[in-house]
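Its first residue numbered 1, the sequence shown is counted upward by one per residue in my numbering.
In this text, a Cβ means the ideal position worked out from N, Cα and C, and glycines have one as well.
Take a look at the structure set out below.
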Amino acid sequence: MLPLRTFWQRLRPVPFWPVGLRLGCAIGLLFMESGTSVATPWLFSRLVAVLAPAAGTPVLVGALTALMAQYAVIRLISGITGPVREILVSPVKAQFKKRVALLGLAQIHRLGARFHLGRQTGALTRVLDRGAEAVGTILDLALSSVLPNLLTLVLTFGIILKVFSGFYLLVLLLTVALYGGVSYFFTRWRMDARRERNRLSGEVHHHLVDSLLNAETVRAFDNASHELQGHEKRRQALLKAEIRLQYLVSGSQLCRNVLIALSTTALLGLAAWDILAGRIGVAQFVLIGTYLRSIYASVGMLNYVGAGWRNARVDIENYLELLALQPEILSPAEPAHLPVSLAQPPKEATNPETRGVGVVFSHVTFGYEAGRPILHDISFTIAPGETLAVVGRTGSGKSTLARLLTRAYDPQEGRVSVAGYDLPHIALEDLRRLIGVVPQDCALFNASIGDNIAYGRIGATPEEVREAAYRAQIGAFIDSLPQGFETMVGERGLKLSGGERQRVAIARVILRNPSLLVLDEASSALDTRTEAAIQKELAALSRQRTTLVVAHRLSTVQDAHRILVLDQGRIVEEGDHASLLARGGVYAEMWAAQQAGEG
Numbered sequence: 001m002l003p004l005r006t007f008w009q010r011l012r013p014v015p016f017w018p019v020g021l022r023l024g025c026a027i028g029l030l031f032m033e034s035g036t037s038v039a040t041p042w043l044f045s046r047l048v049a050v051l052a053p054a055a056g057t058p059v060l061v062g063a064l065t066a067l068m069a070q071y072a073v074i075r076l077i078s079g080i081t082g083p084v085r086e087i088l089v090s091p092v093k094a095q096f097k098k099r100v101a102l103l104g105l106a107q108i109h110r111l112g113a114r115f116h117l118g119r120q121t122g123a124l125t126r127v128l129d130r131g132a133e134a135v136g137t138i139l140d141l142a143l144s145s146v147l148p149n150l151l152t153l154v155l156t157f158g159i160i161l162k163v164f165s166g167f168y169l170l171v172l173l174l175t176v177a178l179y180g181g182v183s184y185f186f187t188r189w190r191m192d193a194r195r196e197r198n199r200l201s202g203e204v205h206h207h208l209v210d211s212l213l214n215a216e217t218v219r220a221f222d223n224a225s226h227e228l229q230g231h232e233k234r235r236q237a238l239l240k241a242e243i244r245l246q247y248l249v250s251g252s253q254l255c256r257n258v259l260i261a262l263s264t265t266a267l268l269g270l271a272a273w274d275i276l277a278g279r280i281g282v283a284q285f286v287l288i289g290t291y292l293r294s295i296y297a298s299v300g301m302l303n304y305v306g307a308g309w310r311n312a313r314v315d316i317e318n319y320l321e322l323l324a325l326q327p328e329i330l331s332p333a334e335p336a337h338l339p340v341s342l343a344q345p346p347k348e349a350t351n352p353e354t355r356g357v358g359v360v361f362s363h364v365t366f367g368y369e370a371g372r373p374i375l376h377d378i379s380f381t382i383a384p385g386e387t388l389a390v391v392g393r394t395g396s397g398k399s400t401l402a403r404l405l406t407r408a409y410d411p412q413e414g415r416v417s418v419a420g421y422d423l424p425h426i427a428l429e430d431l432r433r434l435i436g437v438v439p440q441d442c443a444l445f446n447a448s449i450g451d452n453i454a455y456g457r458i459g460a461t462p463e464e465v466r467e468a469a470y471r472a473q474i475g476a477f478i479d480s481l482p483q484g485f486e487t488m489v490g491e492r493g494l495k496l497s498g499g500e501r502q503r504v505a506i507a508r509v510i511l512r513n514p515s516l517l518v519l520d521e522a523s524s525a526l527d528t529r530t531e532a533a534i535q536k537e538l539a540a541l542s543r544q545r546t547t548l549v550v551a552h553r554l555s556t557v558q559d560a561h562r563i564l565v566l567d568q569g570r571i572v573e574e575g576d577h578a579s580l581l582a583r584g585g586v587y588a589e590m591w592a593a594q595q596a597g598e599g
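If you want it as structure tokens, here you go:
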């Protein structure tokens, strides 16, 4: 878990002085507020003494007027300080919550592919939400509860010691100690119960999100009842955890209320005895009664603060654990920055030696799990401007090569280099600016088609977005929609067909105009006619840059300069389409099988 000091260093606004000034003023108002809360019962008891004088003593109008004026001023100050303090603190609290949310989101985007493949989206959003809320709660407790109530207790105990005997203070301190002990043990039990509640709540939220995201699959297999049963089972476990938590909350409250009732009765009885003995007057009886309510209210609030702090700490634990995760893939401390020109290849074909970037895989071995390699001693080069296709049977490691080239993972052995630099020596932002990827599974945002295409290059003009769409053979389809490029694509783009989503992804990478193009089954979801048109456009796009094509359909790679054939994670053949067919090996067998299937 990330240490709190490190967390504060990341969270602390820079510059801090505007926030510090607001907090300083708020603390000053807290002192004023605490002073008025203690002075009010004192003035009230003085008013009682003036209004109920001893027998034969007249009411002093001047003293009464002065006390009423003081009371009015104190009430006025008390009424002003609270709202002004909230005005000062609220922007600070909102700013910290925003920074917590942004820190969490930035951390998630820093983490690598391995984390994202194993994450639970629903549970992860709960971690971010609870982290932000917990920080807001901690600030609220510190600025609105801890300081004013501690000050109130200290001042009140001082007045009680001055006006009454030390025995009163001893009883109060003993009561507060017992109160704190009861609260401590119940709070520890509640923390364990709250952790379990949070864990089960995360499971419920994750199952709900997962079920909604896969609603189409649920309907296709008529498994709505299965989903409901699974959700009910998780909800039932969550219900039991919440009931146990509530039992602990109520039990703690019951014990504290009994303790307060007994101590209040004892102290008021002691005060009544002192009145009968002539040691104090009725005004002091009113004062001790009022202060008892104030003391127990402050102690109760501090107990709430302790419980709230522990609850917030439980809520923020998972958030701090998220921040403590170290990304597998990091930019080097002193990266070799690639020239900016490499990210913008020429619009027209130029000398093959000067366009695109070279790629080298040298003795690369890689596996997603230790001891289970997917790729074995892979070595090949892609010349600048060359199109290299990688084919093979399912599970041969084709897409893994693309992931290594984009540095989603680092190989366990060997090295991968681009433009003469090993990937671990290149700044991640430079590498990602250099590469454009069209994945097999095209992920779209729940936004408009135009926004999804424009995501390829933030700041692109509507004309550039439209041009990219037409080059990807989807422009006419978009213009035929009632809302055109403003049409919303739905969650994960499910309002579009698989082929339409893939063409949007292709338009996105066309707009990006990278020097290094990675096509991972880029036309797998397209019909034959659309595929032919897209292949023509992709071929034109590839002529201006280095291209790695991962393909299952061999018909899509006939025009590649070279083709690598993978089998069980090893390169077994290499050549162009014609030479590989002539060799009569694995490629020729795959070609014959696909041609027979299409026939």
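Report yes if the CB atom of leucine 187 is closer than 9 Å to the CB atom of serine 252, and no otherwise.
-> Leucine is not the amino acid found at residue 187; the sequence shown has threonine there. Going by C-beta atoms, threonine 187 is nearer than 9 Å to serine 252.
Under three-state DSSP, which class holds aspartate 559?
-> coil
Which residues mark the beginning and the end of the beta strand (DSSP E) in which alanine 578 is found?
-> Unbroken run through alanine 578 is the alpha helix (DSSP H), 577-583; no beta strand (DSSP E).
Three-pair Cβ contact test at 8 Å for the region 294-307 versus the region 192-206 | no
Limits of the beta strand (DSSP E) - the one that isoleucine 458 falls within = That residue, isoleucine 458, is in no beta strand (DSSP E); it is neither H nor E in DSSP.
Tell me whether valine 258 is buried or exposed, calling it buried when 16 or more other Cβ atoms sit within 10 Å of its Cβ.
-> exposed
Alanine 349 to alanine 443 span [Cα, whole Å] | Annotation note: pLDDT 41 at alanine 349 (below 50); position unreliable, coordinate value reported separately. Roughly 31 Å separates the two Cα atoms.
Contacts around alanine 658, its chain only, beta-carbon distance under 6 Å, and the 5 residues preceding and following it disregarded | A question about residue 658 goes unanswered here, because the residues of the chain that appear run from 1 up to 599.
Could you name the residues of the same chain whose beta carbon sits closer than 8 Å to that of threonine 40, not counting the 5 residues immediately before and after it, in chain order?
-> Tyr71, Ile74, Arg75 and Ser78
For glycine 385 versus glutamine 558, is the C-beta distance shorter than 9 Å?
-> no
Who does glutamate 413 pair with in a DSSP beta bridge?
-> Thr365
Leucine 67 versus leucine 151 - alpha carbon distance | 24 Å
Can you list, in chain order, the residues of its chain whose CB lies under 6 Å from that of valine 249, leaving out five sequence neighbours each side?
-> none
Endpoints, the beta strand (DSSP E) within which phenylalanine 380 is located = 375-382
Which same chain residues, not among the five before or five after alanine 49, have their C-beta less than 6 Å away from its C-beta?
-> Ala283
Report buried or exposed for leucine 105, applying the criterion of at least 16 other Cβ atoms within 10 angstroms of its Cβ.
-> exposed
Mark serine 294 as exposed unless 16 or more other C-beta atoms lie within 10 angstroms of its C-beta, in which case mark it buried.
-> buried
Segment contact flag, the region 419-433 with the region 394-411, C-beta cutoff 8 Å, min 3 pairs = yes
Might you give, ordered along the chain, the residues of its own chain that have their beta carbon closer than 6 Å to the beta carbon of threonine 354, omitting 5 neighbours on each side?
-> Unreliable placement is indicated for threonine 354, whose pLDDT of 44 sits below 50; no coordinate value is reported for it.
Starting from isoleucine 474, follow the beta strand (DSSP E) in both directions and report where the run begins and ends.
-> Here isoleucine 474 belongs to no beta strand (DSSP E), and DSSP marks it neither H nor E.
Are the beta-carbon atoms of arginine 190 and leucine 228 separated by less than 9 Å?
-> no
Excluding the 5 residues preceding and the 5 following arginine 130 in the sequence, name in chain order all residues of the same chain whose CB lies nearer than 8 Å to its CB.
-> Asn198, Asp315, Ile316, Asn318 and Tyr319
Do you know offhand how far glutamine 326's Cα is from leucine 111's?
-> 7 Å
Exposure of leucine 238, with buried meaning 16 or more beta-carbon neighbours within 10 Å = buried
If you draw a straight line from the alpha carbon of glycine 599 to that of glutamine 535, how long is it in whole angstroms?
-> Summary for glycine 599: the model assigns pLDDT 49, below 50, so the residue's position carries little reliability; its value from the coordinates is reported in the next sentence. Using only the alpha carbons, I get a separation of about 21 Å.
Which residues in the same chain as glutamine 594 place their Cβ atom closer than 8 Å to its Cβ, once the five residues preceding and following it in sequence are excluded?
-> Arg553, Leu554 and Ser555
At a cut of 8 Å, does the region 391-401 reach the region 497-517 through at least three beta carbon pairs?
-> no
Inter-residue Cα distance where the pair is tyrosine 470 and alanine 507 = 8 Å
Identify whether proline 352 lies in helix, strand or coil by the three-state DSSP scheme.
-> Below a pLDDT of 50, predicted positions are generally treated as unreliable, and proline 352, at 42, falls in that range; the measurement from the model is reported next regardless. In the structure shown, proline 352 sits in coil (DSSP, three-state: anything other than H, G, I, E or B).
Might you give, ordered along the chain, the residues of its own chain that have their beta carbon closer than 6 Å to the beta carbon of glycine 136, omitting 5 neighbours on each side?
-> Lys93 and Lys97
Glutamine 412, buried or exposed, once every other Cβ within 10 Å from all chains shown has been counted against 16 | exposed
Leaving out five residues before and five after valine 89 in sequence, what residues of the same chain have Cβ atoms less than 6 Å from its Cβ?
-> Ala26 and Leu143
Segment limits, alpha helix (DSSP H) that includes threonine 387 | That residue, threonine 387, is in no alpha helix (DSSP H); its beta strand (DSSP E) goes 387-392.
Considering only C-alpha positions, which residue in the set Ser448, Gly456, Arg492 and Glu467 is nearest to proline 482?
-> Ser448
For serine 448, which of helix, strand or coil comes out of DSSP?
-> strand
Look at the alpha carbon of aspartate 192 and the alpha carbon of phenylalanine 7, and state the distance between them as a whole number of angstroms.
-> 23 Å
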